[in-house]
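First residue of the sequence shown? That's 1 in the working numbering, and the numbers climb one at a time after it. C-beta atoms are modelled at their ideal positions from N, C-alpha and C, and glycine is treated no differently. Fair warning: this is a prediction, and the values are worked out from it, not measured in the lab. For reference, the structure is listed below as structure tokens.
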Amino acid sequence: MPADEIVTHSSEETIAKGREIAEKLRPPVLVLLKGDLGSGKTTLTKGIISGLGAAKEEDVTSPTFNLVHEFHIHNPAGNEMNPNPCKVYHVDLYRIESFHDLESLGLEDALSEKSIVIIEWPEHFTFRTDWPTVEIRLDHAGGDSRRIAISDLNMKNELK
Ligand code: ADP
Ligand code: MG
1 MPADEIVTHS SEETIAKGRE IAEKLRPPVL VLLKGDLGSG KTTLTKGIIS GLGAAKEEDV
61 TSPTFNLVHE FHIHNPAGNE MNPNPCKVYH VDLYRIESFH DLESLGLEDA LSEKSIVIIE
121 WPEHFTFRTD WPTVEIRLDH AGGDSRRIAI SDLNMKNELK
């Protein structure tokens, strides 16, 4: 899939984009969200996780304190794109300071089962995984505008 770039003009538009992205995600997949504070990573995640049917938008909040929030797709009825129940992890590595911290997050568990793992601030750690990975870069583009660029890095296993 080629890189896809759009500009949104409100958080609602960014959430809508997240819902669109959700339709294309199949576990296992790693979604890396890059961009400055306030660029809209958590807002986009609201769209992705609600689009997956794993939680309501308002229940997707920044994992600032826990660093990892876990959701479940229990009943994928109506969402034929994700026919199997799976876990969805929303991770924020902004505060991660060491490998030790990372180990205590239990990310290994997340990466040992077929799940959907969404990571804010992935630059704070190097991930070694052969999982299909989607990288999304968000940038401020003046006022309420945000540029969102999506690239599939290794979607070899896509559409299983
Ligand atoms: P991050 O997780 O990257 O730090 P957040 O999603 O938490 O960013 O915050 C983005 C902030 O910017 C929110 O307060 C949101 O309402 C606001 N905002 C304004 N315009 C947009 C937009 N087009 N897309 C996303 N967020 C926007
Ligand atoms: Mg955030």
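#1: For residue 70 and residue 139, I'd like the C-alpha separation in whole angstroms.
#2: Classify residue 49: buried if its beta carbon has 16 or more other beta carbons within 10 angstroms, exposed otherwise.
#3: If we ignore side chains and look at the alpha-carbon of each, how far apart do residue 36 and residue 74 end up?
#4: Closest by CA to residue 119, which one among 88, 148, 23?
#5: Round the Cβ separation of residue 115 and residue 135 to the nearest angstrom and send it over; I've been treating them as touching at under 8 Å.
#6: From residue 130 to residue 30, what does the alpha carbon distance come to, in whole angstroms?
#7: In whole angstroms, what separates the C-alpha of residue 141 from that of residue 147?
#8: In whole angstroms, what separates the C-alpha of residue 158 from that of residue 25?
#9: With burial defined as no fewer than 16 other Cβ atoms inside 10 Å of the residue's Cβ, what is the status of residue 7: buried or exposed?
#10: In chain order, what are the residues with a CB under 6 Å from some non-hydrogen atom of the ligand MG?
#11: Between which two residues does the beta strand (DSSP E) carrying residue 161 extend?
#12: Quick check on the DSSP output: what are the complete beta strand (DSSP E) runs of length 3 or more inside the segment 91-131, in order along the chain?
#13: Where do the N-terminal and C-terminal ends of the beta strand (DSSP E) with residue 151 fall, by residue?
#14: Measuring CB atoms only, is the segment 104-115 touching the segment 37-56, in the sense that at least three cross pairs come out at less than 8 Å?
#15: Do you know how far the Cα of residue 149 is from the Cα of residue 40?
On the basis of the data shown:
#1: Distance between the alpha carbons of residue 70 and residue 139 is about 26 Å.
#2: buried
#3: 33 Å
#4: 88
#5: So it is not a contact: roughly 18 Å between Cβ atoms.
#6: About 10 Å.
#7: 6 Å
#8: Confidence at residue 158 is low in this model, with a pLDDT of 46, below 50, so its placement is unreliable and the value that follows should be read with caution. Using only the alpha carbons, I get a separation of about 8 Å.
#9: exposed
#10: 41, 42, 62, 92, 120
#11: Within the shown structure, residues of the chain are numbered from 1 to 160, placing residue 161 beyond reach of any answer.
#12: 116-120
#13: 146-152
#14: no
#15: Taking C-alpha positions only, residue 40 is separated from residue 149 by approximately 12 Å.
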